[in-house]
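Trainee: If you scroll down you'll find the structure; I have some questions about it.
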Amino acid sequence: MRTRSRALGVAVIAGFVLAGTAGSAVTNRIQHRAAQGVAVDVYSSGLAVFDLRRTEPKARRLLTGPSGLTYGCLHAHFARGVWRTGEYALSGRFARRLRFRWRGVVGPYDGCELGGLYGHRWWDQWGTRNAVEIWLTVRGRHFFNDRAAARDLAYFVRAGRVQRIRLSANPRAGLERFMRRYPGRVVELASPRGKAPRDTIGFWIGERRLVFTVTSSTKRRFFVVATRGSLKLPIKNLGDLAFVF
């Protein structure tokens, strides 16, 4: 009897300890949101736990490719007309749950995301968004929307055909071919400060420079200025949203 009582006492104490630990973990959760069937819980320590058990079919296809996936979270800051971000990502394979932790980085985050490992070209089947984007703040939602638009512009400007147009003596001929091939998707603007409709690449041709621009769903205008006859891009406002060359 004494042995049984002692064992029962230990079990009760252990139960209280485990309950306390679980309770503190729950109360320590500071953010939660879901998108495309993927849920994420963020804790103040910086830990983010992704639950992929209900991932929607389209996102699942993108995340289960042979090269694996990336997953992580980010802090975003918009100042002086450009986005600056701290984006932290790990690589892995699709699983029921994924745990993200980056040394020295803590929550709350502006967003978390998962992406498949595949290349991008302008106007391809993959689009300009990661497979799963989960915004956790209003700033994070704006960031993801602006990044999608900026990527559209960057993929266009750095495309091989567009690079050849930038180098050519007569860029108009090549850009007009784009307009004919993609009606309503590529349009000419009347001025270098012109604003393109949403989901459209706008361009302006000057004597010494070309201007390419897009408009985000946030109504922000993103642009890249190219020097004619070269691959130089002296002015752009993409910030940390997209890489262009």
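Going left to right, the sequence shown walks through residues 1308 to 1552 as my numbering numbers them.
Glycine residues also receive a C-beta, built at the ideal position from the N, C-alpha and C atoms.
From a predicted model like this one, the values you see are computed outputs, not experimental measurements.
Taking the beta strand (DSSP E) that Q1338 belongs to, which residues open and close that run?
Mentor: Q1338 -> beta strand (DSSP E) spans R1336 to A1342.
Trainee: Near V1347, what residues of its chain come up, given a Cβ to Cβ distance below 6 Å and the 5 sequence neighbours on each side ignored?
Mentor: Same-chain partners within the cutoff: A1355, F1357, C1419 and I1441.
Trainee: Do three or more CB pairs link the segment 1398 to 1418 to the segment 1443 to 1453 at distances below 8 Å?
Mentor: As far as the Cβ criterion goes, the segment 1398 to 1418 touches the segment 1443 to 1453, which means the pair count is three or higher.
Trainee: Within the continuous beta strand (DSSP E) that includes D1348, where are the two ends?
Mentor: Unbroken beta strand (DSSP E) run through D1348: V1345 to Y1350.
Trainee: Using 10 angstroms around the beta-carbon of G1509, count the other beta-carbons present and answer buried if the total reaches 16, otherwise exposed.
Mentor: So G1509 counts as buried.
Trainee: Under a three-way DSSP split, which group does R1391 fall into?
Mentor: Residue state, collapsed to three classes: strand.
Trainee: So, helix, strand or coil for K1539, using DSSP?
Mentor: Of the three classes helix, strand and coil, the one that applies to K1539 here is coil, per DSSP.
Trainee: Please report the residue range of the alpha helix (DSSP H) in which V1531 lies.
Mentor: Element bounds for V1531: not the alpha helix (DSSP H) but the beta strand (DSSP E), R1528 to T1534.
Trainee: May I have the straight-line CA-CA distance separating V1531 from N1335, to the nearest angstrom?
Mentor: Looking at the two C-alpha atoms, the distance is approximately 43 Å.
Trainee: Grab me the residues of R1448's own chain with a C-beta within less than 6 Å of its C-beta, minus the 5 sequence neighbours each way, in chain order.
Mentor: Only W1442 meet the Cβ criterion.
Trainee: Is it the case that the Cβ atoms of V1551 and L1460 are separated by a distance below 9 Å?
Mentor: Going by C-beta atoms, V1551 is nearer than 9 Å to L1460.
Trainee: Is P1478 buried or exposed, if buried means 16 or more other CB atoms sit within 10 Å of its CB?
Mentor: It counts as buried.
Trainee: Among residues of its own chain, excluding the 5 on either side of R1436, which ones have a beta-carbon nearer than 6 Å to its beta-carbon?
Mentor: Result list for R1436: A1455, in chain order.
Trainee: Out of G1399, A1383 and R1400, state which residue places its alpha-carbon closest to the alpha-carbon of T1392.
Mentor: For T1392, the nearest C-alpha among the options comes from A1383.
Trainee: Find the nearest neighbour of S1374 within the set V1413, V1345 and Y1425, judged by alpha-carbon distance.
Mentor: Closest by alpha carbon: Y1425.
Trainee: Just to confirm the assignment: which complete beta strand (DSSP E) runs, minimum length 3, are found wholly within the segment 1414 to 1445?
Mentor: DSSP runs (the beta strand (DSSP E)) wholly in the segment 1414 to 1445: 1418 to 1423 and 1439 to 1442.
Trainee: Do L1369 and G1423 have their C-beta atoms closer together than 9 Å?
Mentor: Yes, the pair counts as a contact, with Cβ atoms nearer than the cut-off.
Trainee: With a threshold of 6 Å on Cβ separation, who are the neighbours of L1540 within its own chain once the five nearest residues in sequence on each side are excluded?
Mentor: V1531 and A1533, listed in sequence order.
Trainee: Apply the 10 Å Cβ neighbour rule to K1543 and answer buried if 16 or more other Cβ atoms are within range, or exposed otherwise.
Mentor: Answer is buried; the Cβ neighbour count reaches 16.
Trainee: Let me know if S1523 comes out buried or exposed under the rule of 16 or more other beta-carbons within 10 Å of its beta-carbon.
Mentor: When all chains shown are included, S1523 counts as buried.
Trainee: From which residue to which residue does the alpha helix (DSSP H) around F1485 run?
Mentor: From DSSP, the alpha helix (DSSP H) with F1485 extends over P1478 to R1488.
Trainee: With H, G and I counted as helix, E and B as strand and the rest as coil, what does DSSP make of V1464?
Mentor: Here V1464 sits in helix by DSSP.
Trainee: Using CA atoms only, rank isn't needed, just tell me which of R1515, G1372, G1411 and M1486 is closest to A1438.
Mentor: The shortest Cα separation from A1438 among R1515, G1372, G1411 and M1486 belongs to G1372.
Trainee: Tell me the DSSP secondary structure of G1353 in three-state form.
Mentor: In this structure, G1353 counts as coil in the three-state DSSP scheme.
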